[in-house]
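One structure is given below, encoded as structure tokens.
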């Protein structure tokens, strides 16, 4: 696999010349995908971790760029470059992973695999490692493919023709690329010849697509918070079943709503990825469940950390209306909800104003607590897998704040 | 053989009904007027009643209503007068839809309940189940089930039943088909399919795309539950082919020869692959040997190609009302299908139109006209028939059974449909 070629692609990609305009529209879908841990040491830890697993996972996301299908598309992409379609921003995010702006899922799955692998080297271990790498890669692929599908644009009939055509075309490309990634991941999964694993990952696929329908939405299907309610007990217990996630009594309670949304948005997928690695290694069901819970809580912790960083004073980036600080603030000050209910588009909200109001509440504190709880749970689960270099590296990656 | 209750027999039949009662029946002759499975009539052999040679022990229950179990559908022996090659099977007909009525009954309901079971979001449920209202042709589940039974009969003889796993594959094939239609509709921005407003007119693009993903996810769960590595591999090939077919549709080829090969590959991937791999999957589940599985695959492949060629043909001949979707649709989408590619030989002025995907004003109308003036339609029909004959030839290699006959009849159904 030519990493040199990928570096070359990055440098010469037409996208690099063209993307300058950052409209609010293209920022929309960036929310839960980009992850910028403020730790200075982050890149260093990632590189050390990659040495441990012997695999440059930063490139995991990009192999599909080398495919024939994508080459076919490249011609057509020229037509949409310069438009404000969300897919342009998605492409840039995925391509330019230099600052490790994506949660390093593949890396964690490989570290976990390393942590549980026997020290003896045999044919079985080599095959196992190969399979776990495929699993890590296909998990990333599903994440990217789904993310690209979320980058579709809802086009209203009132839009003028020329713009409409470009948007329609870009939608078409987004569906195709997303589909390509999803079916390629599916093919890799089939080749692993493990139906239990296939079933688990399929349930994650179901969860991730179900998530787009939960809760109120604006006209671009961007999530809106539920009406705040007062519940005595507000928590969300993650269980390991493969049945659809329960939605009763969730909307309006900050911790429950936030946890469920993020379980849909990645927790379930990442959790099943981790569970899968342990399953492939032949461990028993109890171990698998621990891996699943580890993955879910880690994903939640990272998500909380990412949301906290958006509320730091220097940060000017837009934040999601269903991020934890917003939900906590709404619960504390229900009057804030008046502006947010039934909005037509999230871009119509004055985020700076909202940010200022949120800073006056205890929302950030509560979010920090949310991070700590999830991070601690993730740590406690991963510690059950032994005390070795891989586990320790994972723990360092958990501490992003 | 399927037992026909009296309601399905036309008046002429009841006069001439010679039904022998008892377990050791060898031959009966029943005149049957075939009832169409769905809103439009099946023109199989014209309007008159046809002579059918059937036999079966339970014909005595013809008055008593439908036969209960699947097992009783199997004939103790079937005197076949057909040589198995088209078009000479005028002495016997099997209506595959009627033959499989019990099996196919409730397939859409089961799909809907599987989808419903897998989500707690009512809106997702509505969108996802929208395409499974039973209004479609159900060709894929029918062919899959038919092949399953035919192969079961081939391998195990007359006391074979339809395996639950095989029925799941029939459901899965329909789900994959619908999911791909949903994504196609967003891509093609089509407003009509199957006679009702297409999904994305009612809901927005994002939700629709996600619903498609959801259906595929549930189908994947069902595939995994079959617990067969081979079947999972075979069915995963289907979705890969579907996507690759879509990609092929985006690109275009320069020379005429390349174009036709490109068109055939694309047609295989987009249509035939699903049918071919689904029937192969049920053959695998049956425990059939490699040759039989390959035979099933080739049958499906030829049937699928024939089906799509007829589809492309119908786009040029039928009216909008009969089809449920507007015609010349392919041209308007910029697609050059078989009739156009054939017509190029006589009218090379079609070549630049193809290259620019009929985008210029008047292109669609001109191309439409030229295709009708040329022999393109005839040549397409010929090619479709060729594949149909090949499929029928392959089907004839399976052990004689009503289902095997059904496979042969299906090739003709595909060729003669008007919708």
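Chains as they are written, first to last, in my numbering: chain R, 11 to 411; chain H, 1433 to 1851.
Glycine is no exception: its CB is placed at the ideal position from the N, C-alpha and C atoms.
All values reported here derive from a predicted model rather than from experimental measurement.
- Between residue 1654 (chain H) and residue 222 (chain R) a beta carbon distance of about 21 Å is seen, past the 8 Å cut, so the two are scored as non-contacting.
- Where residue 73 (chain R) is concerned, there is no enclosing alpha helix (DSSP H), because DSSP gives it neither an H nor an E.
- DSSP, read as helix, strand or coil, puts residue 1780 (chain H) in coil.
- Taken through DSSP and simplified to helix, strand or coil, residue 264 (chain R) comes out as helix.
- DSSP places residue 1658 (chain H) in the coil class of the three-state scheme, outside both helix and strand.
- The alpha carbon of residue 1565 (chain H) has as its nearest neighbour, out of H:1540, H:1588, H:1824, the alpha carbon of H:1540.
- Residue 233 (chain R) sits in a strand when the DSSP states are folded into three classes.
- Residues of the same chain with a CB within less than 7 Å of the CB of residue 1576 (chain H), apart from the 5 flanking positions on each side, are 1601, 1602, 1605, 1710, 1711, 1714 in chain order.
- Within chain R, the residues 186, 189 have their CB atoms less than 8 Å from the CB of residue 1678 (chain H), given in chain order.
- Between the region 1743 to 1750 of chain H and the region 1767 to 1783 of chain H, the count of Cβ pairs shorter than 8 Å is three or higher; the stretches touch.
- The Cβ of residue 200 (chain R) sits closer than 7 Å to at least one Cβ of chain H.
- As far as DSSP is concerned, residue 406 (chain R) takes part in no beta bridge.
- Contact residues of the region 205 to 222 of chain R toward chain H are 205, 206, 207, 208, 209, 210, 211, 212, 213, 214, 215, 216, 217, 218, 219, 220, 221, 222 (C-beta to C-beta distance below 9 Å).
- C-alpha of residue 1820 (chain H) to C-alpha of residue 1585 (chain H): approximately 22 Å in a straight line.
- Setting aside the 5 residues that flank it on each side, residue 1532 (chain H) is surrounded in the same chain by 1574, 1577, 1578, each with a C-beta closer than 7 Å to its C-beta; the list follows chain order.
- For the options H:1793, H:1529, H:1836, the alpha carbon positioned closest to that of residue 1570 (chain H) is the one of H:1529.
- Residues 60 of the same chain have their beta carbon placed closer than 6 Å to that of residue 66 (chain R), with the five preceding and five following residues left out of the count.
- At a C-beta separation below 7 Å, residue 1657 (chain H) has these neighbours in chain R: 209.
- From the beta-carbon of residue 203 (chain R), the residues of chain H found nearer than 7 Å are 1661.
- Annotated three-state conformation of residue 216 (chain R) is helix, per DSSP.
- Between the region 1691 to 1705 of chain H and the region 1728 to 1742 of chain H there are three or more C-beta pairs closer than 8 Å, enough to call the two in contact.
- Under the three-state reduction of DSSP output, residue 227 (chain R) falls in the strand class.
- Residue burial is scored here from C-beta neighbours: residue 1793 (chain H) has fewer than 16 other C-beta atoms within 10 angstroms and is therefore classed as exposed.
- Remark: fewer than three beta-carbon pairs, one from each stretch, lie closer than 8 Å, so the region 78 to 92 of chain R and the region 154 to 167 of chain R are not flagged as touching.
- Here residue 290 (chain R) is actually not in contact with residue 121 (chain R); their C-beta atoms are around 15 Å apart, not less than 8 Å.
- Under the Cβ distance rule, residue 1642 (chain H) counts among the residues neighbouring chain R, one pair being separated by less than 7 Å.
- Note that the region 303 to 322 of chain R touches the region 373 to 392 of chain R; at least 3 beta-carbon pairs, one per stretch, sit closer than 8 Å.
- Take the alpha-carbon of residue 385 (chain R) and the one of residue 359 (chain R): they are about 31 Å apart.
- Look at the region 327 to 363 of chain R and you find these whole runs of alpha helix (DSSP H), each 4 residues long or longer: 334 to 342, 347 to 350.
- About 6 Å separates the CB atoms of residue 1806 (chain H) and residue 1779 (chain H); that is less than 8 Å, so the two are in contact.
- Nearest to residue 149 (chain R) by alpha-carbon distance, out of R:193, R:178, R:240, R:176, is R:193.
- For residue 1649 (chain H), at least one C-beta of chain R is nearer than 7 Å to its own C-beta.
- Contacts with chain R at 7 Å (Cβ-Cβ) include residue 1652 (chain H).
- The residues 38, 163, 164, 355, 356, in chain order, have a CB closer than 8 Å to that of residue 230 (chain R) in the same chain once the five nearest residues on each side in sequence are set aside.
- Residues are counted here when their Cβ sits less than 7 Å from a Cβ of chain H; for the region 313 to 340 of chain R the count is zero.
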